[in-house]
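In this note's numbering, the protein residues as written are 44 to 381.
Shown next as structure tokens:
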């Protein structure tokens, strides 16, 4: 049994868009077994905007923190998001219990980092789900664009480790990669939502297992060519369809996934040798043939992306400078005793 849980504005919109794109039915068919035949998505937020979600059933949503923030959200106040989650965790868990008919084998938690609710509430909800159902948890986390403000960046940086530690494995994506390419913030969110949906259309239980215990990211590319090399596809995904900056020299492995007309792909052994020589890692394969399919959908899971290649260096520098200034001011107030 697989469940999707959206926390905060960004996380709730992702789960809502899964329903709009009809990913639900495709995802069910990829993960179900004789004992696992259902799928459910729920969403929780502190903003009344959750009422405007148009695809997820209203009975699968809950607005928390009404008495504190009156439906206006938590802004960038992470501690407020944490307090609300502690006080009203029962509301979220009751909503999940209503959709749970049997023990889930995994729960996927979606949240944007930087805002108060996604950053503050998601870790508490994730831990409670894990403790309650004794299941694996996968976090899908979106880093904020620099255009969203320094406070969002600071919140994401300071809570990154805590958020990742609350789940068994993490998939990270970064809006900043898209805005640096010229996309506005709204378009970046929409592109990432579509990107995540498209990649999850490829997944099955085996794929999720590969994410546990790691920080990872993923790319997606649909091919219409009749004949293309695996190496070319991997290069294309790395160049154009990976929305996270990280140190390629520190990754642990790559997993290439393909679904559809597998005869369109060639050069499997060559691609593995190329990956080993260029990046020093194994390129593993997970293929799913589909008789009669037109084209092939491909994905690339990159495992071991914890080194974000200086993504938050400017935040670290400002924080370090602030701490140094505070220390200097403190020392000036000390009168020598000798």
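For glycine and all other residues, C-beta sits at the position ideal for the given N, C-alpha and C.
Could you name each continuous beta strand (DSSP E) segment of 3 residues or more that falls completely within the segment 167–243, going from the start of the chain to the end?
-> Taking 3 residues as the minimum length, the beta strand (DSSP E) runs contained wholly in the segment 167–243 are 179–186 and 212–217, in order along the chain.
Alpha-carbon spacing of residue 78 relative to residue 128, whole angstroms | Confidence is the limiting factor: at residue 78 the pLDDT is only 41, short of 50, which leaves the residue's position unreliable, though a coordinate-based value still follows. C-alpha separation (whole angstroms): 32 Å.
Between the Cα of residue 282 and those of 138, 301 and 261, spot the shortest distance and give me the residue it belongs to.
-> For residue 282, the closest C-alpha among the options 138, 301 and 261 is that of 261.
With residue 59 as the anchor, note down where its alpha helix (DSSP H) starts and where it stops.
-> For residue 59, the uninterrupted alpha helix (DSSP H) segment begins and ends at 51–63.
For residue 186 and residue 142, the rounded distance between their alpha carbons | Cα-Cα distance, rounded: 29 Å.
Would you say residue 215 and residue 242 are within 7 Å of each other, going by their C-beta atoms?
-> Not closer than 7 Å, so no.
Within 7 Å, strictly: CB atoms of residue 160 and residue 264 | Here residue 160 is not near residue 264, since their CB atoms are 7 Å or more apart.
Within the segment 75–148, ranges of the beta strand (DSSP E) (whole runs, at least 3 residues) | DSSP runs (the beta strand (DSSP E)) wholly in the segment 75–148: 82–88 and 104–106.
For residue 281, which three-state DSSP category applies?
-> Here residue 281 sits in helix by DSSP.
Chain-order list of residues whose beta-carbon lies under 8 Å from that of residue 313 (same chain, five-residue window excluded) | Excluding residues within five positions, the ones whose Cβ falls inside 8 Å are 272, 273 and 274.
Is DSSP giving residue 162 helix, strand or coil here?
-> In the structure shown, residue 162 adopts helical secondary structure according to DSSP, grouped into three states.
How many angstroms separate the CA atom of residue 180 from the CA atom of residue 148?
-> Going from the Cα of residue 180 to the Cα of residue 148 covers about 9 Å.
Out of 306, 253, 202 and 165, point me to the one whose CA is closest to residue 335's CA.
-> Proximity to residue 335 across 306, 253, 202 and 165 peaks at 306, based on C-alpha coordinates.
Closest Cα partner of residue 46 within the set 52, 146 and 96 = Taking only the C-alpha atoms, the option nearest residue 46 is 146.
Which residue comes first and which comes last in the alpha helix (DSSP H) that contains residue 248?
-> Run containing residue 248: 248–254, per the alpha helix (DSSP H) assignment.
Can you tell me the Cα-Cα spacing of residue 196 and residue 123, whole angstroms?
-> Taking the straight line from one Cα to the other gives about 17 Å.
If you check the beta carbons only, do residue 295 and residue 346 fall under 7 Å apart?
-> Closer than 7 Å, so yes.
DSSP beta-bridge partners for residue 35?
-> What the structure shows of the chain is the stretch from 44 to 381, and residue 35 is not part of that stretch, so it cannot be assessed.
For the beta strand (DSSP E) that contains residue 322, what are its first and last residues?
-> Run containing residue 322: none in the beta strand (DSSP E); it sits in the alpha helix (DSSP H), 311–322.
Check whether the segment 95–113 touches the segment 52–60, counting contact only when three or more Cβ pairs, one atom from each stretch, lie closer than 8 Å.
-> At 8 Å Cβ cutoff, the stretches touch.
What residues in its chain sit with their C-beta under 6 Å from that of residue 138, if we drop five residues either side in the sequence?
-> For residue 138, where only same-chain residues beyond five positions count, the Cβ hits under 6 Å are 85 and 105.
Identity of the residue in 171, 152, 165 and 237 nearest residue 133 by Cα = For the options 171, 152, 165 and 237, the alpha carbon positioned closest to that of residue 133 is the one of 171.
Going by the beta-carbon positions, is the gap between residue 289 and residue 352 smaller than 7 Å?
-> Residue 352 sits close to residue 289, with the two beta carbons spaced by under 7 Å.
Are the beta-carbon atoms of residue 221 and residue 231 separated by less than 7 Å?
-> Going by C-beta atoms, residue 221 is nearer than 7 Å to residue 231.
In chain order, what residues of the same chain have a beta carbon less than 7 Å from the beta carbon of residue 349, not counting five sequence neighbours either side?
-> The beta carbon of residue 349 lies closer than 7 Å to those of 258 in the same chain, with the five residues before and after it left out.
Three-way DSSP call (helix, strand, coil) for residue 307 in this model = The answer is helix: DSSP assigns residue 307 an H, G or I state.
According to DSSP, is residue 345 helix, strand or coil?
-> Three-state result, residue 345: strand.
Find the nearest neighbour of residue 344 within the set 224, 246, 223 and 204, judged by alpha-carbon distance.
-> Each of 224, 246, 223 and 204 was checked against the Cα of residue 344, and the nearest Cα belongs to 246.
Report yes if the C-beta distance between residue 20 and residue 119 is below 7 Å; otherwise report no.
-> Since the first residue shown for the chain is 44 and the last is 381, residue 20 is missing from the structure and cannot be characterised.
Apply the 10 Å Cβ neighbour rule to residue 244 and answer buried if 16 or more other Cβ atoms are within range, or exposed otherwise.
-> Here residue 244 is buried. Its C-beta has 16 or more other C-beta atoms within 10 Å.
Roughly how many angstroms separate the alpha carbons of residue 204 and residue 324, rounded to a whole number?
-> Distance between the alpha carbons of residue 204 and residue 324: 25 Å.
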